[in-house]
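First up is the structure itself, then whatever we jot down about it.
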Amino acid sequence: MVTDPAKKPYDRIREHLASSRHKKLKMAVQEAEKAGTSQPTLFDVSCRQRAKENEANGVIHDFVCALAYSGISMHQADGPLGDFVRKYCKAARTMPTGQRLRIKCLKEAFDKDMAKIRDDMQAVKVSVIVDESPDITGVPTINTLLCYYSQKAKKKQ
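No gaps in the numbering here: position 115 of the sequence shown is 97 in our numbering, and each next residue is one more.
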């Protein structure tokens, strides 16, 4: 709808109220009110978006942990395994590349596991085995094996 800027504001408002666009939008609002729904607010939209991002981050971190615990390289996230997860897991469609998973997500998963281990192994004897070897892409990695008796789980960890 093109309006003439020389017209007075009340004339432009009167034209808009008579337009088909106004009538169509007004009908949509009235139907939504009858159905008991309303247009989502900006806050609702941002909350839903944040929940989706948190779910996606949870899936991606769980995927990184599964790869690390299984001894599978993060490089596999760029291959058929990553494609499979992206295809069948809706939350993982925004999963980054293997390089990005290695740089960011693996560190976060490691820090979370280390906090759990620190909490579990207070005042216990610990056996530590450290081995350095390159991963599939040639990046040097340090493999660490900790062995201790968990007081909480009542078993050897």
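All C-beta atoms in this analysis are idealised placements derived from N, C-alpha and C, irrespective of residue type, glycine included. As the structure is a prediction and not an experimental result, all values here were calculated from the model.
Proximity of residue i and residue j at Cβ, strictly below 8 Å
i	j	result
glycine 40	methionine 56	no
alanine 91	alanine 38	no
valine 110	tyrosine 131	no
valine 46	leucine 88	yes
alanine 48	leucine 83	no
DSSP-derived helix/strand/coil call for residue i
i	result
proline 78	coil
proline 122	strand
aspartate 117	coil
cysteine 85	In the sequence on display, residue 85 carries isoleucine and not cysteine. Helix.
cysteine 129	strand
Residues near residue i in its chain [Cβ-Cβ closer than 8 Å; skip 5 each side]
i	result
threonine 123	Glu114, Ser115, Pro116 and Asp117
valine 108	Leu128, Cys129 and Tyr130
valine 121	Arg84
Residues near residue i by beta carbon distance below 7 Å, same chain, minus five either side
i	result
arginine 75	Arg68
Anticipated Cβ contact below 8 Å, residue i with residue j, distance rounded
i	j	result
methionine 77	isoleucine 42	5 Å
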